[in-house]
Amino acid sequence: MYYIILVILLALILYYFWTCRCQLDYVTNDLNTSIINRCSIIKNKMFYYTPYLFTGLLQAIIASKVQDVDPKLKFVREYVDFGKDFGCFALDWGSYEGKISEKEAKITEGKPLVVVLRLNLIQLTFSLNFARINLIGGLIYLDPKRQILPQIGNFHHVEDFRRVLEYIAKQHNKSTIYAIGHSFGSNTLLKYLGMCGSNGTDPLIKVAVSVGNPYDFQLGMRYLEDSLSDSYIRKHRQRIAREKIDQYLPIPKHINLDLNKVQQAKTSLEFDTYFTKPIFGAPSVDFHYLSIQCANYMEFVKIPVFFLGSFDDPVINNRAVYPRDAILKNPNLISLMTQVGGHISWFEGVLHPKRWYYKPVLQYLNAIHQLL
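See the structure below:
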């Protein structure tokens, strides 16, 4: 009996360490090699996750309950009006004084500025504490009313993001801009960078990080529909729609939105059919997915980008959508994929699990800041 227990324990230990291994993909060149040599976490290709959070769904559930924000960090909201065609945007600026004072402005002037694009399904904010980069991180998001302007067309946020970046670059013309995208924000960031690369436009961003990128919405949503996660995600989106619907009232006549069908949807795909498609003015759900995804723009990215994802992501089926071939063809990209980590989760530690993913992200940014 003891031998059986010992064998089981040994098997569990071996399984744990086997699933701590990460997959590192990149094109070998001088810059990428120098970056990786300066990033011990990326180079070691190991993530020692919390042992009892051994699936992506468990990791994601804990992540949805945790807000690991520095309690001393406050966010100062700035509204920017781009006129009737593009609406009003809100930028949240991180500040330890609760306001952007002259003192803080002088301290941060000329320092690297980080633009953070947050998640779509799970809201996440955090402070950025760089070892060698003193900065105030800017958290940026889009005003919901932007989504119901009367013009016809696909809504993919790229034009919105470009306008906000131009505004930030003009206001902080002495600062180098870095960007960190999460989930849907990561997809928008990569599509923007790919579009800039394909048409030769200056992206205004020096370096970027892509965390939990969904890459291919059309394929990913099909896999999500058949997964255990779909029910949780769909119910979460329906709850958000109920709670936030006041922001859309009165619903413009050009939007054919049936709120009863939205709440009766049985899958995320149905939710997008009844809610997302009419809100964004797309002729079909597939057309909407194809118009927003970044998968076809990866080869055109011209600046250094670090990707971080997990193969057990319950929202994104990375076994299906992870664009390894595209990453291995672009010398500007480095990707680290964990076996366990969930969706923007990655908890480590036993008694008091903490998020791990800040570590490789900050190591990468600090390393490339020294090299460029």
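With mature numbering (1 follows the signal peptide of the UniProt record, and there is no 0) applied, the sequence shown corresponds to residues -22 to -1, 1 to 350, in that order. All C-beta atoms, glycine included, are put in the ideal place defined by N, C-alpha and C.
Y156 (DSSP reduced to helix, strand or coil): strand
Spatial distance of A109 from L340 (CA atoms): Model confidence at A109 stands at a pLDDT of 32, short of 50, so the residue's coordinates are unreliable; what they give is reported in the following sentence. Answer to the nearest angstrom: the Cα atoms are 8 Å apart.
Three or more C-beta pairs below 8 Å linking the stretch 248 to 256 and the stretch 314 to 322: no
Bridge partners - S188, DSSP secondary structure assignment: Partner(s): G159 and F285.
Inter-stretch contact at 8 Å, needing at least 3 Cβ pairs: the stretch -14 to -6 / the stretch 271 to 291: Verdict: no, contact absent.
Cβ neighbour criterion (16 or more within 10 Å) applied to M199: Taking all protein chains in view, the Cβ of M199 is crowded by 16 or more other Cβ atoms within 10 Å, so the residue is classified as buried.
Pair within 7 Å by beta-carbon distance, Y145 and V92: no
Boundaries (first-last residue) of the alpha helix (DSSP H) holding R297: DSSP places R297 in the uninterrupted alpha helix (DSSP H) bounded by N296 to V299.
For residue 359, the first and last residue of its enclosing beta strand (DSSP E): Residue 359 lies beyond the stretch modelled for the chain, which goes from -22 to 350, so this question has no answer here.
Euclidean distance between Cα positions of I(-18) and G34: Each residue's Cα considered, the two are about 27 Å apart.
Nearest-angstrom Cα separation, counted from N151 out to P29: 46 Å
For K184 and Y156, the rounded distance between their alpha carbons: 6 Å
Validate contact between the stretch 166 to 173 and the stretch 199 to 211 using beta carbons, cut 8 Å, 3 pairs: No contact exists between the stretch 166 to 173 and the stretch 199 to 211.
Cα-Cα separation between H347 and L311, rounded to whole angstroms: 16 Å
Spatially closest choice to A41 from A345, K337, D264 and E326, by CA coordinates: E326
Inter-residue Cα distance where the pair is K21 and Y27: Straight-line measurement puts the Cα of Y27 at about 17 Å from the Cα of K21.
Reduced DSSP category for Y27 - H, G, I as helix; E, B as strand; rest coil: strand
Three-state secondary structure (DSSP) of E203: Annotated three-state conformation of E203 is helix, per DSSP.
First through last residue of the beta strand (DSSP E) which encompasses E56: K52 to D59
Neighbourhood of R207 by C-beta distance below 7 Å, restricted to the same chain and skipping five residues each side: The sequence as given places Ser at residue 207; Arg does not occur at that position. Excluding positions up to five away in sequence, the list reads L35, P292 and V293.
Run of the alpha helix (DSSP H) containing Y4, from where it starts to where it stops: Taken as a continuous stretch (DSSP letters only), Y4 belongs to no alpha helix (DSSP H), being part of the beta strand (DSSP E) at C(-1) to Y4.
Beta-carbon spacing of T251, V263 below 7 Å: yes
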